[in-house]
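What follows is the structure, encoded as structure tokens:
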């Protein structure tokens with residue numbers, strides 16, 4: 014049995030899909046949902062499913078002893094809307110075992126400050142014909158880790174950032190749990 018921790022800063026729609034995917038799974042157990050925001054909706058999603066939660070400050074995120082203690086026994090860290098840079102000590106401790114999802118086809122439209130609606134606005138403004146999701150390992154640079162999976166959707170001439178976001182989010186919910194399961198099997 015492999016244990017995963019989900020780090021998230023927001024409402025938790027991806028985290029909810031991941032938790033639901035692994036309920037009763039004999040290979041993978043979501044053993045922790047942690048957030049740097051005590052009012053994050055993801056914590057409610059976890060409580061609703063009986064998954065333990067933790068809240069940490071941004072200072073604690075950079076406290077090696079605190080974070081490694083909180084993540085003791087974790088095999089894989091999943092970033093699901095986590096809006097902070099992962100500190101180097103976690104990247105070293107969990108080398109190739111931190112995975113993230115980005116709402117665009119990297120390497121385009123990635124990097125610091127490119128998240129959520131900002132990504133979809135940039136895709137539409139650039140006149141792209143397609144967008145989608147990228148699931149990747151996390152390294153020292155925002156959105157530059159090894160790409161594990163990409164899936165695309167067409168960008169329609171009538172798209173707004175909100176309509177494009179809905180189609181991209183559907184891909185996130187469909188594929189992120191499956192790619193996590195494949196990754197866990199390779200550990």
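In our numbering, the protein residues as written are 14 to 200. Cβ coordinates follow ideal geometry from the N, Cα and C atoms, glycine included.
- Annotated as distal: residue 61 and residue 28, with beta-carbon spacing of 7 Å or more.
- With fewer than 16 other CB atoms across the displayed protein chains lying within 10 angstroms of its CB, residue 125 is exposed.
- Around the beta-carbon of residue 82, fewer than 16 other beta-carbon atoms lie within 10 Å, marking it exposed.
- Annotation: the continuous beta strand (DSSP E) that includes residue 66 extends over 66-68.
- DSSP places residue 22 in no beta strand (DSSP E); its state is neither H nor E.
- Rounded to whole angstroms, the separation of the alpha carbons of residue 80 and residue 112 is 17 Å.
- Beta-carbon to beta-carbon, residue 17 and residue 89 are separated by about 5 Å, close enough to satisfy the 8 Å threshold.
- Within the DSSP bridge table, the entry for residue 163 names 147 as partners.
- Between the alpha carbons of residue 101 and residue 151 lies a distance of about 11 Å.
- Judged by DSSP secondary structure, residue 113 falls within the beta strand (DSSP E) whose first and last residues are 111-115.
- Put simply, the backbone Cα of residue 50 is about 14 Å away from that of residue 98.
- If you look at residue 43, you'll find it in the beta strand (DSSP E) that goes 41-48.
- Taking the Cβ atoms as the reference, residue 116 lies roughly 7 Å from residue 185, within the contact range of under 8 Å.
- Scanning its chain for C-beta atoms nearer than 7 Å, with the 5 sequence neighbours on each side dropped, one finds around residue 172 the residues 137, in chain order.
- As computed with DSSP, residue 75 is found in no beta bridge at all.
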